[in-house]
Each structure stands twice: as C-alpha cells, then as structure tokens.
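K.L.:
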Amino acid sequence: MTTGFVFPFRVDATGTIRPDDDEDAELRGKIVQVLFTAPGERVNQPAFGCGLGNLVFDPNNEILAAAVEFTAGQALSRWLGEELVVIDVGVRAVEETLTVELVYFRRRDRARRALRIQYS
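Heads up, my numbering is the position in the sequence shown plus 124, with the first residue counted as 1.
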C-alpha cells in the first residue's frame, strides 16, 4: 500500500503533514489537480495540466465539450499514465454546467473507477 499527500494538505495536531491512506481519494485528488491546473502555471513543469479553469468564460457548447474530452484524456494519460489507464472521458455541456465523466482503472490493482466533475 502506498501513501502520499492529498490536496488540500491535511495537518495533524503536531503540525506535520499527514499522509492519506485512502488510495482512491489520493488518485482522485491527482486527477482534479491535472484537470484544473493550467499549462504554464507550474514553473518547473510548464506543460503540466489541462486548464479546465481557463474555460470558465468560453461558450458552453458541443465544441467546447469535444475539446475538453480530448485534452482531458490526453493530459490524464500523459501525467498520470503510470497510475491509471483512461477508459473513457465523456463530457456534456448543459446550460451553464460542463460535466466531465471519467472512467479509468488503477494500474496497481486494475480496479475500475469512475469520477464525475461538474464545472459551472
């Protein structure tokens, strides 16, 4: 079993950063970080991220959904490819909400997982 940091950091009563034993929560946190970090935001990793947060003022339509589907799948495969395999990325644009549905499996135990993120 691996342990790692999750975002946001958890600090215990002694002031030390507490690792998380929940591997699903840790991986979900990494997925969210990849999706919402804008390329260029990290100085030492300028290509890191997908940049969903940058799309907040773009028109929410099928074209945006298709672009997000492609870029999210590529970014997750590139930056988390050692930990997961992306099976499917589905994106729906309904009114002001963009819904990203990700189906993946963890490489460590081949457990299939799904994650839904709604962004408006």
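Think of the CB as a built atom: it goes at the ideal place given N, C-alpha and C, for glycine as much as any other residue.
Look up glycine 177 in the DSSP assignment and say whether it is helix, strand or coil.
P.N.:
As a first step, residue 177 must be located in the sequence shown, where it is residue number 53. Glycine 177 falls in the helix class under three-state DSSP.
K.L.:
Which residues mark the beginning and the end of the alpha helix (DSSP H) in which threonine 195 is found?
P.N.:
Within the sequence shown, numbered from 1, the residue matching residue 195 stands at position 71. 186-204 is the span of the alpha helix (DSSP H), which, as asked, contains threonine 195.
K.L.:
Could you tell me which residues DSSP pairs with alanine 238 in its beta bridges?
P.N.:
Here residue 238 is taken as the residue at index 114 of the sequence shown, counted from 1. Alanine 238 pairs with Val227.
K.L.:
Do three or more CB pairs link the stretch 171-179 to the stretch 155-163 at distances below 8 Å?
P.N.:
yes
K.L.:
Beta carbon of leucine 204, beta carbon of phenylalanine 229: below 8 Å?
P.N.:
Position 80 of the sequence shown, counted from the first residue, corresponds to residue 204. Position 105 of the sequence shown, counted from the first residue, corresponds to residue 229. No; because the gap between Cβ atoms is not below 8 Å, this pair is not in contact.
K.L.:
Just curious, the beta strand (DSSP E) that proline 211 is in, first and last residue?
P.N.:
Counting from one through the sequence shown, the residue named residue 211 turns up at place 87. With the sequence shown as reference, residue 211 is identified as isoleucine, and proline is not the correct amino acid for it. Residues 208-218.
K.L.:
Could you give the residue range of the alpha helix (DSSP H) that holds isoleucine 155?
P.N.:
The residue given as residue 155 occupies position 31 in the sequence shown. 147-160 is the span of the alpha helix (DSSP H), which, as asked, contains isoleucine 155.
K.L.:
Look at the Cβ atom of valine 213, then the Cβ atom of leucine 222, and state whether they are nearer than 8 Å.
P.N.:
Taking the sequence shown and counting its residues from 1, one reaches residue 213 at position 89. Taking the sequence shown and counting its residues from 1, one reaches residue 222 at position 98. Not closer than 8 Å, so no.
K.L.:
Name the DSSP beta bridge partners of valine 135, please?
P.N.:
Here the question's residue 135 lines up with position 11 in the sequence shown. Paired residues: Ile141.
K.L.:
Where valine 167 and threonine 195 are concerned, what is the direct C-alpha to C-alpha distance, given to the nearest angstrom?
P.N.:
Along the sequence shown, one-based indexing puts residue 167 at 43. Along the sequence shown, one-based indexing puts residue 195 at 71. If I take the Cα positions, the gap works out to 20 Å.
K.L.:
If distances are taken between C-alpha atoms only, which option among Pro170, Leu200, Val135, Ile241 comes closest to isoleucine 211?
P.N.:
If you number the sequence shown from 1, residue 211 lands on position 87. Selected option, being the one with the closest Cα: Leu200.
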